[in-house]
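First up is the structure itself, then whatever we jot down about it.
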């Protein structure tokens, strides 16, 4: 399961040039008011860097990061609370990856159908040379 989580996070981060700044998470209706998007982005990137399950190291990263110097809420979270939030974010990322793959598969299928529906240029050229119109 740990490897699946790391692959899912890696796949999500690969879609961005600079995930530390650009990463977007589709929350749906249940976006919490406690954690902000910057915090969630940092959390996902740090899980990718440190590995899943290293909650003490994640907590230390939050404490030493200049981004959260004045964010008392994040600094005061326990490792269990950070782990719970990370699991929630990972579920969101996995769901988003699944939707992304389905959209990509659908687009590929539509492209293939469109390609097979329209005759190729060679076939059109062959038809024109075989039956010249006068």
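In full-length UniProt numbering, the protein residues as written are 1 to 134.
Where a beta carbon is used, it is the ideal one built from N, C-alpha and C, also for glycine.
All values reported here derive from a predicted model rather than from experimental measurement.
### Query
Between which two residues does the alpha helix (DSSP H) containing residue 9 stretch?
Stepping through the chain shown from its first residue, residue 9 is reached at position 9. Unbroken alpha helix (DSSP H) run through residue 9: 2-14.
### Task
Taking 8 Å as the threshold, find out whether the segment 51-70 comes into contact with the segment 11-18 through three or more Cβ pairs.
no
### Task
Starting from residue 34, trace the alpha helix (DSSP H) both ways and give me its first and last residue.
The residue labelled residue 34 in the question sits at position 34 within the chain shown. It is not in any alpha helix (DSSP H) - residue 34 carries neither H nor E in the DSSP assignment.
### Task
Assign residue 27 to one of three DSSP states: helix, strand, or coil.
Along the chain shown, read from residue 1 onward, the residue named residue 27 stands at position 27. Here residue 27 sits in coil by DSSP.
#### Entry: Among 106, 95 and 85, nearest to residue 34 - alpha-carbon criterion
For the purposes of this step, residue 34 is taken as residue 34 along the chain shown, with counting starting at 1. The shortest C-alpha separation from residue 34 is found at 85.
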